[in-house]
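Q:
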Ligand SMILES: [Zn+2]
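Residue numbers (my numbering): 92 to 576.
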């Protein structure tokens with residue numbers, strides 16, 4: 092039986108097809124957008140609402156062993172944010188790390204249709220697949236952690252390059268992963284050996300005579316040789332350390348001419364000296380990416396409020412525990428990875444947090460190609476994916492943004508410094524609109540990543556696996572509500 096739908100009176104944004112805010116109808120037949128449908132097709136009146144391609148969350152943490160560990164660590168989240176059962180949807184819990192059902196429903200209600208879990212050790216792949224299977228409505232996949240894999244290190248150490256390539260391919264296939272993920276390459280070995288960490292791309296990884304630079308090059312090359320649809324995601328060394336922009340730039344220079352994705356780059360765009368006062372180096376990072384089309388990034392925006400630090404970078408989790416004093420758990424994954432979880436609150440009055448917030452916005456606003464500087468909070472690390480409407484408003488509404496900037500004691504306003512001087516935060520080139528406009532969430536489709544599979548982001552209108560019409564209705568209502576404040 093064919094299903095047909097006509098969405099009428101909505102303001103349509105479709106960057107891939109050059110439609111920029113036209114009020115027009117959208118017709119859908121059997122999950123595909125078509126020219127026209129019969130007059131008796133079901134109708135949704137989207138008057139006063141925006142109709143746009145489904146959002147693709149290119150990098151988030153929504154399923155698998157570390158996510159479950161974070162759920163277990165925060166029972167208070169389950170109590171204060173209960174997601175009740177309805178005639179069409181199952182029950183769940185929310186907070187910064189929602190249960191599987193709530194994750195799918197809540198993404199769908201934001202207009203997101205795809206989310207990619209960004210860090211799964213091969214040993215956790217089956218657990219992850221089961222949780223993703225339980226995550227309703229949205230499309231999803233995951234990236235497999237290979238940047239600290241001792242068997243791959245062994246093959247590299249012995250110069251067995253061809254077997255290294257085969258092993259990467261085997262792991263991707265066996266885990267059912269979309270692309271490799273590298274997290275603080277080499278860091279896990281030092282952490283496991285003596286609770287130390289990598290500080291430089293040319294540090295030696297103990298026991299292997301390798302350097303992070305060699306590991307990064309080898310894995311990026313193999314990802315590209317294998318013709319994977321999406322580049323390897325790299326969480327660079329020195330996350331969160333003042334002065335780390337040098338490591339980030341050096342990582343990108345090492346990969347010059349080679350396709351790669353630098354993830355949550357906001358956390359890697361700081362000036363200053365380790366242990367000293369952090370400054371913004373967003374202009375330097377944005378400039379490099381603007382001039383190197385082979386590199387893409389997602390921002391990893393910090394949003395004020397509750398978050399959960401959740402990472403395969405175990406030494407980083409320990410550092411977060413030290414600065415926050417919060418409850419925390421670290422867990423090693425034998426031969427493959429590490430992991431750490433720390434609940435965290437980003438505070439407007441905290442210099443470092445406010446700077447991180449500003450650096451993220453700078454990266455968006457200084458980026459000339461929004462298809463390669465993708466919207467993310469690295470959910471739930473910089474904040475929940477539920478903060479995306481607010482983040483999109485920060486990017487699209489200059490008035491609102493300036494108001495928020497003026498409220499920050501540590502940021503410069505576009506018109507000059509406010510509050511504490513000399514923080515080095517730049518809001519150069521302040522634009523009326525973020526250049527991606529409503530396409531912000533659809534960036535990954537243009538990158539030849541998920542778009543290759545689906546054409547573009549339109550598939551959010553497909554009826555497949557939809558739990559009930561109320562979800563669709565709620566998503567539209569939610570968009571309207573978000574636009575109201
Ligand atoms: Zn991440």
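Built from N, CA and C at the ideal position, the CB exists for glycine as well.
Taking the alpha-carbon positions, what's the residue 244 to residue 427 distance?
A: Here residue 244 is taken as the residue at index 153 of the chain shown, counted from 1. Here residue 427 is taken as the residue at index 336 of the chain shown, counted from 1. Our two residues, residue 244 and residue 427, have alpha carbons roughly 10 Å apart in a direct line.
Q: Between the Cα of residue 168 and those of 185, 133, 158, spot the shortest distance and give me the residue it belongs to.
A: In the chain shown, residue 168 corresponds to position 77, counting from 1. Ranking the options by Cα distance to residue 168, first place goes to 185.
Q: Just to confirm my understanding: we take residue 330, look at its own chain, exclude 5 residues before and 5 after, and list those with CB closer than 7 Å. What are they?
A: The residue given as residue 330 occupies position 239 in the chain shown. For residue 330, where only same-chain residues beyond five positions count, the Cβ hits under 7 Å are 275, 358, 359, 404, 407.
Q: Quick one, are the C-beta atoms of residue 147 and residue 103 less than 8 Å apart?
A: Walking along the chain shown from the start, residue 147 turns up at place 56. Walking along the chain shown from the start, residue 103 turns up at place 12. The answer is no: Cβ separation not under 8 Å.
Q: What is the DSSP secondary structure of residue 224, counted as helix, strand or coil?
A: For this step, residue 224 is matched to residue 133 along the chain shown. Note: residue 224 maps to helix in three-state DSSP.
Q: Taking all protein chains shown into account, decide if residue 258 is buried (16 or more other Cβ within 10 angstroms of its Cβ) or exposed.
A: Here the question's residue 258 lines up with position 167 in the chain shown. The Cβ neighbour count for residue 258, taken over all protein chains shown within 10 Å, is at least 16; the residue is labelled buried.
Q: Could you check if residue 472 belongs to the surroundings of ligand 1, using beta carbon to heavy atom distance under 7 Å?
A: The residue given as residue 472 occupies position 381 in the chain shown. Yes, the beta carbon of residue 472 sits closer than 7 Å to at least one heavy atom of ligand 1.
Q: Would you identify the three-state DSSP class for residue 378, choosing helix, strand or coil?
A: Translated into the one-based positions of the chain shown, residue 378 becomes position 287. Residue state, collapsed to three classes: helix.
Q: If you draw a straight line from the C-alpha of residue 225 to the C-alpha of residue 268, how long is it?
A: Counting from 1 along the chain shown, the entry for residue 225 is found at position 134. Counting from 1 along the chain shown, the entry for residue 268 is found at position 177. One C-alpha to the other measures close to 17 Å.
Q: Just tell me which of 306, 450, 390 has its CA closest to the CA of residue 370.
A: Working through the chain shown from its first residue, we reach residue 370 at position 279. Per the Cα distances, 450.
Q: Does the Cβ of residue 317 have 16 or more other Cβ atoms within 10 Å, making it buried, or fewer, making it exposed?
A: For this step, residue 317 is matched to residue 226 along the chain shown. That one is exposed.
Q: Taking the alpha-carbon positions, what's the residue 166 to residue 188 distance?
A: Locating residue 166 in the chain shown gives position 75, counting from the first residue. Locating residue 188 in the chain shown gives position 97, counting from the first residue. The straight-line gap from Cα to Cα measures roughly 10 Å.
Q: Which class does residue 444 belong to by DSSP, given the choice of helix, strand or coil?
A: On the chain shown, position 353 is the one that residue 444 refers to. Helix, per DSSP.
Q: Contact defined as beta carbons within less than 8 Å: I believe residue 311 pairs with residue 356. What is the distance between those atoms, to the nearest angstrom?
A: As a working note, residue 311 is residue 220 in the chain shown. As a working note, residue 356 is residue 265 in the chain shown. Your pair residue 311 and residue 356 does not check out as a contact, with CB atoms roughly 16 Å apart and the cut at 8 Å.
Q: Please identify the residue among 272, 282, 336, 332 whose C-alpha is closest to the C-alpha of residue 306.
A: As a working note, residue 306 is residue 215 in the chain shown. Minimum Cα distance to residue 306 is reached at 272.
Q: Return the chain-ordered list of same chain residues with a C-beta closer than 7 Å to the C-beta of residue 100, the five sequence neighbours on each side being excluded.
A: Residue mapping note: residue 100 aligns to position 9 of the chain shown, counting from 1. Within the same chain, residue 100 has close Cβ partners 114, 136, 137, 138.
Q: Let me know if residue 170 comes out buried or exposed under the rule of 16 or more other beta-carbons within 10 Å of its beta-carbon.
A: In the chain shown, residue 170 corresponds to position 79, counting from 1. Burial call: exposed.
Q: Under DSSP, the beta strand (DSSP E) around residue 387 begins and ends at which residues?
A: On the chain shown, residue 387 is found 296 positions in, with the first residue counted as 1. Segment 386 to 389, the beta strand (DSSP E) holding residue 387.
Q: Tell me the rounded alpha-carbon separation between residue 368 and residue 333.
A: Along the chain shown, one-based indexing puts residue 368 at 277. Along the chain shown, one-based indexing puts residue 333 at 242. The straight-line gap from Cα to Cα measures roughly 7 Å.
Q: Using a Cβ-based criterion (distance less than 7 Å to any ligand heavy atom), does residue 150 qualify as near ligand 1?
A: Sequence index remark: in the chain shown, residue 150 carries index 59 (1-based). Residue 150 Cβ: within cutoff of ligand 1.
Q: Return the CA-CA distance between residue 172 and residue 196, expressed in angstroms with no decimal places.
A: As a position in the chain shown, residue 172 is number 81, starting the count at 1. As a position in the chain shown, residue 196 is number 105, starting the count at 1. Distance between the alpha carbons of residue 172 and residue 196 is about 14 Å.
Q: At a cut-off of 7 Å, is residue 209 close to ligand 1 when judged by its beta-carbon and the heavy atoms of the ligand?
A: To locate residue 209, count along the chain shown from 1; it is residue 118. True, at least one ligand heavy atom lies under 7 Å from that Cβ.
Q: Can you give me the start and stop residues for the alpha helix (DSSP H) that residue 153 sits inside?
A: As a working mapping, residue 153 is identified with position 62 in the chain shown. Looking at the DSSP string, residue 153 is not in any alpha helix (DSSP H), and its letter there is neither H nor E.
Q: Please state whether the Cβ-Cβ distance between residue 380 and residue 373 is less than 8 Å.
A: If you number the chain shown from 1, residue 380 lands on position 289. If you number the chain shown from 1, residue 373 lands on position 282. Contact: no.
Q: For residue 264, which of 216, 127, 472 has the nearest alpha-carbon?
A: Counting from one through the chain shown, the residue named residue 264 turns up at place 173. Comparing Cα-Cα distances from residue 264 to each of 216, 127, 472, the minimum goes to 216.
Q: So, under 8 Å CB-CB, residue 205 and residue 229 are touching, yes? Tell me the CB distance rounded to an integer number of Å.
A: Looking up residue 205 in the chain shown gives position 114. Looking up residue 229 in the chain shown gives position 138. About 6 Å separates the two Cβ atoms, so the contact holds.
Q: Starting from residue 104 and walking both ways along the beta strand (DSSP E), at which residues does that stretch end?
A: Translated into positions along the chain shown, residue 104 becomes position 13. Segment 95 to 105, the beta strand (DSSP E) holding residue 104.
Q: Between residue 313 and residue 256, is the Cβ-Cβ spacing less than 8 Å?
A: Taking the chain shown and counting its residues from 1, the one referred to as residue 313 is at position 222. Taking the chain shown and counting its residues from 1, the one referred to as residue 256 is at position 165. Against a cut-off of 8 Å, the Cβ pair of residue 256 and residue 313 comes out as a contact.
Q: Using a Cβ distance threshold of 8 Å, determine whether the region 321 to 329 contacts the region 340 to 356, with at least three qualifying pairs required.
A: Yes, since at least three Cβ pairs between the region 321 to 329 and the region 340 to 356 fall closer than 8 Å, the two stretches touch.
Q: Let me check you understand the geometry: is the CB of residue 354 closer than 7 Å to at least one non-hydrogen atom of ligand 1?
A: Here residue 354 is taken as the residue at index 263 of the chain shown, counted from 1. Yes.
Q: Label residue 520 either buried or exposed according to how many other C-beta atoms from any shown protein chain fall within 10 Å of its C-beta, with 16 as the threshold for buried.
A: In the chain shown, counting from the first residue as 1, residue 520 sits at position 429. Since pLDDT at residue 520 reaches only 44, below the 50 mark, its modelled position is unreliable, and no value is offered.
Q: Buried or exposed for residue 364, please, with buried defined as at least 16 other CB atoms from any protein chain shown within 10 angstroms of its CB.
A: Translated into the one-based positions of the chain shown, residue 364 becomes position 273. The residue is exposed, with fewer than 16 neighbouring Cβ atoms inside 10 Å.
Q: First and last residue of the alpha helix (DSSP H) that includes residue 290?
A: Within the chain shown, the letter at position 199 stands for residue 290. Careful: residue 290 lies outside any alpha helix (DSSP H) and carries neither H nor E.
Q: To the nearest angstrom, report how far apart residue 118 and residue 200 are at their CA atoms.
A: Start at 1 with the first residue of the chain shown, and residue 118 comes out as number 27. Start at 1 with the first residue of the chain shown, and residue 200 comes out as number 109. Cα-Cα distance, rounded: 20 Å.
Q: Secondary structure at residue 174, three-state DSSP: helix, strand or coil?
A: Start at 1 with the first residue of the chain shown, and residue 174 comes out as number 83. In the displayed model, residue 174 falls within a strand according to three-state DSSP.
Q: Using 7 Å as the cut-off, classify the Cβ of residue 469 as near or not near the heavy atoms of ligand 1, replying yes or no.
A: Here residue 469 is taken as the residue at index 378 of the chain shown, counted from 1. Yes - ligand 1 has a heavy atom lying nearer than 7 Å to the Cβ of residue 469.
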